[in-house]
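Visitor:
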Amino acid sequence: MSDFFTSSVLVATFASAIRLATPYLLASLGETIGQRSGVLNLGVDGVMLLSAFFSYWTVLQTGNLWLAVVVALAVGIIMGVLYGIITVFFEATQGISGIGIFIFGLGFSDLMFRQQVGTPKPVQRLPSVDIPVLADIPYIGEPLFQRSLLTYLAFALVPLTFLLLNKTTFGLNIRSVGENPQAADSLGVSVERTRFAAILIGNSLAGLAGAALVLQLGIFQPNLTQGMGFIAVALVYFGAWRPLGVMGGALLYGLVNATVLQWKSLGIIPVSISDLAGMAPAIVTIGALILLARRVNAPAALTKPFSRH
Amino acid sequence: MNDQSNNLLEMRGITKYFPGVVANSDVDFDVRYGEVHTLLGENGAGKSTLVKILFGLYQADKGDLLLRGEKMEISSPSDAISSRIGMIHQHFMLVPTLTVAENVALGMPSTRRPLTDLDKVSKRISEISEEHGLTVNPSETVAHLSVGERQRVEIIKALYRDAELLVLDEPTAVLTPKEVDDLFVILRRMADNGRGLIFISHKLREVMSLSDRITVLRNGQVVGATTPDQTSREELAQMMVGRAVRLTPDLPPNEVKESRLSLNNVSVKNDSGTLAVDNVSFEVRAGEILGIAGVSGNGQREIAEAIAGLRTIEPDGLIEINGSNVSDTNTRSRRDQGLGFIPEERVPDGAIPEFTVGENLILVDHETDDFVSRGLFSFDKISEHSSQLVSDFNVKTPSVNTPTSSLSGGNIQKVILARELSASPSVLLACQPTRGVDIGAAEYIHNRLIEQRELGTATLLISEDLDEVLGLSDRVAVMYEGKVIAVVSGEDAEREKVGLLMAGVTETVDA
Amino acid sequence: GSDDSSSGGGGALTMAIVAPSASDDLAFSQSMVDSVNALDRDITVQVTDGTFIVEDAAAAIRGYAEDGVDVIVAHGTQFGASLAEIAPDFPDTTFVWGTATDTQGLDNVFAYAPAADEGGYVNGVVAAAISETGIIGVVGPVEAGDAVAYINGFVTAAEAGGATVNVTYTGSFGDVALAAEAAEAHLANNADVLTGTAQMVVGAVGVASDAGVPWFGTQSNQTSLDPDLVVASQVYHWEFALEEMLQLRDNGTKGGQTFEINLANGGLVIEFNDGFELSDDVKAAADAAIAGIIDGSIDTGA
Amino acid sequence: MLNKVLGGLVPFLAALVAFAFGAIMLIALGANPFEGLEAIFDGAFGSGERLAATAVKATPLILVGAGITIAFRTNVVNIGGESQIIGGALLSTVVALGLPDLPAFLLVPLVIIAGAIGGGILGAIPGALKAYASVNEILSTIMLNLMMVQFMNYLLRGPLIDPYELEAGTRIPQTERLSDNAALPTIIGGTRFHLGVLIAVAAAIVAYIILWRTPVGFRLRAVGHSPKAAKAAGINVKRNITLALAISGSLAGIAGAILVFGSEGQRMVTDGSAAGFTSSAGFNGIVAALFGGLHPLWTIPSAFLFGALLTGATQLQRVLQVPSSLAVALNGIIVIFVISSSRVRTWLQTTLGNTNLFGKEEDDEDDEEINSTAEVTT
Ligand SMILES: Nc1ncnc2c1ncn2[C@@H]1O[C@H](COP(=O)(O)OP(=O)(O)OP(=O)(O)O)[C@@H](O)[C@H]1O
Ligand SMILES: Nc1ncnc2c1ncn2[C@@H]1O[C@H](COP(=O)(O)OP(=O)(O)OP(=O)(O)O)[C@@H](O)[C@H]1O
Ligand SMILES: [Mg+2]
Ligand SMILES: [Mg+2]
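Residue numbers (my numbering), protein chains in the order written: chain B, 12 to 320; chain G, 2 to 512; chain W, 80 to 381; chain D, 10 to 387.
(1) Give the range of the alpha helix (DSSP H) segment to which Val267(B) is assigned.
(2) Am I right that Thr379(W) and Thr179(D) are in contact with their C-beta atoms under 8 Å? What's the rounded C-beta distance?
(3) Applying the criterion that 16 or more other CB atoms from any shown protein chain within 10 Å of the CB defines a buried residue, is Pro434(G) buried or exposed?
(4) Report yes or no: do three or more beta-carbon pairs, one from the stretch 271-280 of chain W and one from the stretch 211-218 of chain W, lie closer than 8 Å?
(5) Can Ser407(G) be considered in contact with ligand 3, in the sense that its beta carbon sits closer than 7 Å to one or more heavy atoms?
(6) What do you reckon, are the CB atoms on Met321(B) and Phe160(D) nearer than 8 Å?
(7) Name, in chain order, the residues that DSSP records as bridge partners for Glu11(G).
(8) So what's Ser263(G) in DSSP terms, helix, strand or just coil?
(9) I need the boundaries of the alpha helix (DSSP H) containing Lys321(G), first residue and last residue.
(10) Report yes or no: do the stretch 201-216 of chain D and the stretch 304-318 of chain G share at least 3 C-beta pairs separated by less than 8 Å?
(11) Any contact of the stretch 142-154 of chain D with the stretch 290-301 of chain B, i.e. 3+ C-beta pairs under 8 Å?
(12) Rounded to the nearest angstrom, how far is the Cβ of Ala91(W) from that of Thr123(W), given a contact under 8 Å?
(13) Does Thr249(G) pass the burial test, meaning 16 or more other C-beta atoms within 10 Å, or should it be called exposed?
(14) So for Ala24(G), helix, strand or coil by DSSP?
(15) What's the C-alpha gap between Asn365(D) and Phe356(G)?
(16) So for Ala236(W), helix, strand or coil by DSSP?
(17) CB-CB under 8 Å to Leu95(G), same chain, minus the five flanking residues each way: which ones, in chain order?
(18) Verify the contact flag: Pro20(G), CB atom, against every heavy atom of ligand 1, threshold strictly below 7 Å.
(19) How about Leu366(D): is its C-beta nearer than 8 Å to some C-beta of chain W?
(20) Beta carbon of Ala294(G), beta carbon of Leu461(G): below 8 Å?
(21) Considering only heavy atoms of ligand 1, does any lie closer than 7 Å to the CB of Lys48(G)?
(22) Any heavy atom of ligand 3 within a distance shorter than 7 Å of the CB on Asp170(G)?
(23) Quick one, are the C-beta atoms of Lys53(G) and Thr16(G) less than 8 Å apart?
(24) Return the CA-CA distance between Asn245(W) and Leu100(D), expressed in angstroms with no decimal places.
(25) Leaving out five residues before and five after Leu276(G) in sequence, what residues of the same chain have Cβ atoms less than 7 Å from its Cβ?
(26) Between the beta-carbon of Gly250(W) and the beta-carbon of Asp286(B), is there less than 8 Å?
(27) Hey, how far is the Cα of Leu218(G) from the Cα of Ala46(G)?
(28) Between which residues of its own chain and Gly359(G) is the CB-CB distance below 7 Å, once the five residues before and five after are set aside?
(29) Given that a residue counts as buried once 16 or more other Cβ atoms are within 10 Å of its Cβ, and exposed if not, what is Pro110(G)?
(30) The stretch 67-94 of chain G: which residues have C-beta closer than 9 Å to a C-beta of chain B, in chain order?
(31) For Ser235(D), which residues in chain G fall below 7 Å Cβ to Cβ?
(32) Cβ of Ile77(D) within 8 Å of Cβ of Gly294(D)?
(33) Got a sec? Which residues, its chain only, sit under 7 Å from Ser376(W) by beta carbon, not counting five neighbours each side?
(34) Show which residues of chain D have a CB atom less than 7 Å away from the CB atom of Ser48(B).
(35) Have a look at the DSSP bridge pairing and note the partners of Lys72(G).
(36) For ligand 5, any of its heavy atoms closer than 7 Å to the Cβ of Asn44(G)?
Listed below in C-alpha cells is the structure:
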C-alpha cells in the first residue's frame, strides 16, 4: 500500500484518471445539453464508435490528426441530424431510438473496420501539449497541464457548457424546452429547433469523445468503446444535469478505475480477486450517489416528445 | 382608433373539429379597443379552443380572423406575439425552474446576444410592476411563487411583449378574492388604456363586475351576447346551461352525530421545511360540513395532504378517523378507514389523464371483490359500475373507454367526485371541489355534497371560493398563517367578517 | 477482411473455420486462420468468425457439415458440447476442436491445445535479461484460458532471471482503453518491459511504443504493431498439428486423437523481430531456454 | 379499419426500407443482395431445425422484452437486462451445482425459479434504489451491467470453475457440465426446440395478463402514468416502482436460466464480456419490446423476427462470407426505421382523411395499446 502513496505513482494515477475521464467528460457534457433540452440519447456509444472508427481511418489514410478530429465532429453532426429527425420530427420514443443508433453504430463501425482495415494497425496518437509554466508545477503539472488538446478542450467545455446553459438565450431556450415545452412554445420559442440544435451539439461532443478515445489509444478495434457511451449517459444522472457535477462523475469514475489498475499493478489487489476489484468503479459511483442523497429532479420534459396537438 | 371599425379583433365563422367533437361551430366574435369582452360557457363549450385558435396554438378548420381590420394568418404563437396578442393560459405557461426574469425574457430578443440581458429585463419588469401594481421579485424562482404571484408573472409576460389584445383564460380560477380584486383593477386599467381584453371565467360575480360585453357559447356555438347592465347572473346562468341554475346552495337542517375526523395539535411542515400548519385541532362530525376558509398558502394544502396521508405530521400531533389513530398510516389504510379524498388538483393528483374514464373510476377500489375474481379483473362488472357512475354523475363522455384526457375539466372533476362519493365515505376531504368547473356542474357537485351530508358523511371542505364555503358549511374554520384563528357557525358567517378573518384580522382588533 | 482465401480449386479439400473472435484479431482467432492458410495443400477455406456464442457457432458448424465441407475447425473450447451433438450426425466429416485436451470419445474429432507456457517462459527469459529496472509489467485479460498458461510461464522465467513481475488482469478481453491504462500503471511503477495477451493488448502496445519500452507478444506475430519495439512473439503454428490430422484423414482416420503444439514439435515458434537488436548473450539464453524446454530440463512452472 | 391496416403495414414497410439499406450495404460489400436475403431467410427458416434455432434465439428476447414492457409501462427504464440475465443464470447454475441429483421434474422448475429470483434481485436493486434512495435507474442499471460481468467472470474462473479446467490447465472460465436433470427437455425431437421456448411464450402471456387483467398491473400502469394520482388513490408508489423492476428483472433472469439449461453446452461460460454470455439479449430484448409496441404479446412475433435476423446472419456470413456485423448494423437500421414509422403512420392516417385521429375511442383495448407506442415511454 505504501508503494501507492509515492508521489510518482499518485501523479501517474491522477494522469491516468484524467485520460480515462476525457472521453466520458466530452460525451457526458454533450448528453447533458441534450437532456436539458428534454432529449434522452442512449445512442452515445454508437456515435462514439462510428466517430472513433472514422477518425482512426482518417489518420490511417492521411496521417492528419486534426483532419481526424474534424471527421469525428462531422460524424457526430451527421448522427445528430439523423437522431434529430427521428426524435424531434418523428417523435419517436427516445429511450429506444437511441438503442437503435447504438446497435447501428456497433455493427456499422465493426463492418467498416473489417472492410477497410482488418488487422489493427497502430496510428499516430494525439500528442500531449505542455502548457507553458503550468506544466512544470510539481505534482499537478504533469497530470493536468501535459495533456492533449482534446483533454484541455473537454475540461474547458465544463465552464463553457455552464455558460451556454445558464447565461445565453440559447441556453435559456434549452432549459425551457426541457422543462416545459408548452410554455416555451407559447412564447414563440421553437421547441423543434431548440431540441434539434441541442441534439446536434450533444452528438458533436459524442463524436469528439470517440476521437479522443481512439486518438489517445492510436488504435481501433471493433466495439472499442466497450459501453463507454452508456457510462457517459449514466454520469449525466450522477452529475444531476450540471456540467460541474458531470465532471465530478467523470473524474470519480476515471480515478477509481485508475486506482484499481495501479493497485493491481502494485499487487495490492491480488490476481485472485481482480475481477471483483473491477466492480469498484460502478459500486463507488452508485455508492456516492446514495451518500449524496440528492433529490434533484430531471428536466421535467425529459424523453417527452413535444407536439402542439 | 381604427377608422373602419372600432374592432381590434374580428373572428368570423370559426369552426374547429376534434375527433368526435365540433369544438367551435361557425363562431363570430369580436373585440373592440378598450373593452373587456367576456366569453362564457359551460365546460367544454369551446372557449379555450376559440382563443387557442386566436393565439396560433390550433388552426381553425374554417373561418377568418381580422386583426385591426386586416385579415391575418396566425399559425403559431410567435405570429400571435408579433401581432401583439398576449395570452394567459388556463394552465400556467411558466417554467418553474427558471426565475421570473428568465420566464419573461424567454423567446424575446436579447440586447446582448448571444448572452441574456436579464439585468435589463429585470429593470423593465420592475417598471411594469410599478406601473401596474404587479409586485413580484424578478430574481425569484417561479417554483417558489404562490399561485397569485405566478398569475402576475403571466400578466407581466404579456405586458412585457406589449400585448394590445390580451386573452385571459380563467385567470381567476386559482386566485383568492383579494387577488381577484387586485387583478381586476389592473385589467380595468389596461382596458382603459385602449387595450382589448378577452376574459374567460365561470364565476358570474366576476363576469358581471369586469365585463363590457359578454358572449355566451354552448356546444361550440354562440348562443347569445349581452352586456352586464342588460342582464343578471341568473339570466347568464340560464343562457349558458339552458335551464335555471340555483347559484347559492341551500343547506337544509341536518342532524349532526358522532365525531368522525379529529385533529389534535397537528403541525405540518411544507416542502421547504418550514411549519405550514401550526398546532391545529378540530373535529368534523357525521352529517356535518366543516368549511375551511383562508387565503391560499395559509396551510390548507398541507393540512389536506396530512389528513390524506400524503405528508407526515410532526410527532406530537394526532389524527383520528372514526376513532382510530391514523397519524402514522399511509393513504391506503386511511381510505380503508372510510376516508374519501378529492385532491385540490384534478390533474395530476386526482385523475390519470391517460387512463380511461372507467379506469379512473376504479383507481381507488380496483381490488375489491366486486371487480376482481380469482385474481383477474371482471371487465363486465367494471364496465357496468362505470357506466352507472357516468350516468349517475352526468359525466359528459362518449364512453367509459374514452381516455380521460379528452374530457373537459369539469367532467374530469365529476369523474373524481363519482369515484370518491360512490364509495360512501364516512369522512370526505374535499379540496377545491368546483375549481374551474362551470356553474351547472358546480351546482350539481354542491348538491352531491349536501346529499352526502344527509347520508351522514363528515365532510371537510377546503375552498378558496368564499361563496362556496359560506353556502355549504355548517361551520366555517378560518385558517391564517397555519393556524385556525376562528371557527364560526354557518349562520353567523358573514362574507365581510370571514373576509377580514382571512386577512388575519380578529375581532379584538378595532376596525 | 475475413473473406475466403482459397489456395486452389476444383476437387480440392474443403475446410471451414468457426472462430469466436475476429479472424484478424492479431490473437487467438487469427492464429488459426493464418495456420490454415499456411497449410501446403490444395484447400478451399471458409471462415465464420465472431461466434463466441455457442448456439451461433453450432449453427455455423452444422451448416458447413450439411454443405459437405470436409474438415471443420471449431476453434473454441466452449464448442465442445455442440460437437458432441453434431459430429455423430456427419461421420464422414472431420471436426477439429480446440483448445481441448481430449476428443470426448468421438472418432471423427481431433483435439488440439497449445503449451502456451513454453513460449511465455522463453519470452520471460529474454524480458528479464533486457530489463534494466528489473521490473516487468504484464497486461492480461481475464485470468483464464491460455492467457494464464502464457503468463505463468513468463512469470516463472522472468522471476528466475531476477526480475519483479507485476501482473494486471483488466477483466476484459476487449477493453483497449483499460489495457492501455494498465500498461501506463506498470510504467509508473518503473516497469521497462511489457507483455500481454489477448486482443485488447493492442492498446498496451501503443503505450509501450510511446514510452519506447520493449514488448513481447503471443498467439500471433505482433511485430506489425510496432516494428521497432516488439522483441519477439510466441506464434501458434497450428498447421503442424493440422497437417498431421489431414494426413491421418488421408489415411482413413477421421479423428480420435489429441494434439499439443509446443516448441518441440514446431507448433509453437518464438518469432524474433529482426528490427529489435538483441545481444548475442540474450539470444543464446533464449536458445538455451528453448532447448531446455524441449529436452525437459526446464520446468515452465505452469 | 384503415387504422388497423396502416398499423400493421407501416412497420412492415419500415422493415422493408431497412432491408433495402441492407441490400445496399451488401452490394457495397460485393455480395449479391438477393443471395444475401435468401441466406438470411434460409438460415432462419430453411429447415425445421433452423426454425427451432430461430425460436431458441428469440426466447431470451421474448422474456427480456416482456419484462421491458412491464418496466416501461411503469415508467421505469430497464437497461439492466444484461445484468439480470447474468444474475438469473448464476443463481440457477448454483442451484444445479448444489442439487444435481434432484429428479428432472423438480430440478427443471427449480432452476427456472432460481433464474427468476436471481434476475428479480438484480431488478429489485435498481428499483429500490430509485424508489427509496433517488438513484436514477438508468444510471444504476448501466452500472449493474458492468458489475455483473465482472462478478460472473470472478465466479466462473474462481469458485464455480470446472475442476477439470484447473486440472488440465486449460482454465477456460466455465462451470462443469451441469446436471442433465436440469436440462430443458426438447419438445420437438431432432431440433433444439426446448421447453424454454414455451416458458418464454407463457411468460409473455402472463406479463400481458398481469398488466391488463390484474390489479397488480393496474397499479403499475397507474404509477407509470401518474405517481401523484396513484399515491393520492392509496397506491404505494415506491413499492410498485421496485416491483416493476423486480418483475422485469425476473423475466430476464428466467432468460438467463434458459440460456444455461437450454444450451448444448449445458454450462455457463464467459468470454469476459457480458455479450459473450447473453449475446446482448438484454439490449435486443428492448428492441423486441419496442417492435412489439411495448405490448407483451406482440413482443413474441417481434422477438421471433429479430431472432430470425440473428440466426439468419450466421448463414449470411457463412454463405456469402460477409461479416456478421452487417446484420447488427441492419438490426439497428430496422429499429430506427420502425421507431420513426409510428409518426408516419399517424400522418398517413390524418392525411388520408380519417377523422378518428387517435383511433382510440371505439377500438378495443389491445389495438389502442399497440397503436400508441410513441406515447408510452415518457
Ligand atoms: N386537443 C384536443 N383534442 C381533442 N378534443 C379537444 C381538444 N381540446 C379540446 N377538445 C374538446 O373540444 C371541446 C371544447 O373544449 P374547450 O377546451 O375549448 O372547452 P372550454 O370551453 O374551454 O371548457 P372549460 O370551461 O372546461 O375550460 C371539448 O369537448 C373538448 O373535449
Ligand atoms: N413522476 C415520477 N416519475 C418517475 N418516478 C417517480 C416520479 N415521482 C416519484 N417517483 C419515484 O418514486 C419514489 C417515491 O415517491 P413518493 O412520492 O411515492 O414517495 P413517498 O411519499 O415517500 O412514498 P410512500 O407512499 O411509499 O411513503 C421517488 O423517490 C421517486 O424516485
Ligand atoms: Mg377552457
Ligand atoms: Mg375550465
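In this text, a Cβ means the ideal position worked out from N, Cα and C, and glycines have one as well. Quick caveat, the model's predicted, so the values are computed rather than measured.
Guide: Working from what's here:
(1) 254-276
(2) Wrong, their Cβ atoms sit about 15 Å apart, outside the cutoff.
(3) buried
(4) yes
(5) no
(6) Outside the displayed range of chain B (12 to 320) lies residue 321(B), so it cannot be described from this structure.
(7) Asp31(G), Leu67(G)
(8) strand
(9) One detail in the question is off: residue 321(G) reads as Glu in this sequence, not Lys. Not the alpha helix (DSSP H): Glu321(G) falls in the beta strand (DSSP E), residues 319-322.
(10) no
(11) yes
(12) 6 Å
(13) exposed
(14) strand
(15) At Asn365(D), the pLDDT of 33 sits below 50, so the modelled position is not reliable and the matter cannot be decided from this model.
(16) helix
(17) Asn104, Val143, Arg151, Val154, Glu155
(18) yes
(19) Any answer about Leu366(D) is weak, because its pLDDT of 30 lies below 50 and its placement is not dependable; what the coordinates show is given next. Cβ-Cβ to chain W under 8 Å: no for Leu366(D).
(20) no
(21) yes
(22) yes
(23) no
(24) 34 Å
(25) Ser268, Lys270, Gly483
(26) yes
(27) 6 Å
(28) Ile383, Ser384, Ser387, Val401, Asn402
(29) exposed
(30) Ser77, Pro78, Ser79, Asp80, Ala81, Ile82, Ser83, Met88, His90, His92, Phe93, Met94
(31) Pro349, Ile353
(32) yes
(33) none
(34) Correct list: empty, because the minimum Cβ distance to chain D is about 16 Å.
(35) Leu67(G)
(36) What this structure holds is ligand 1, ligand 2, ligand 3 and ligand 4, not ligand 5.
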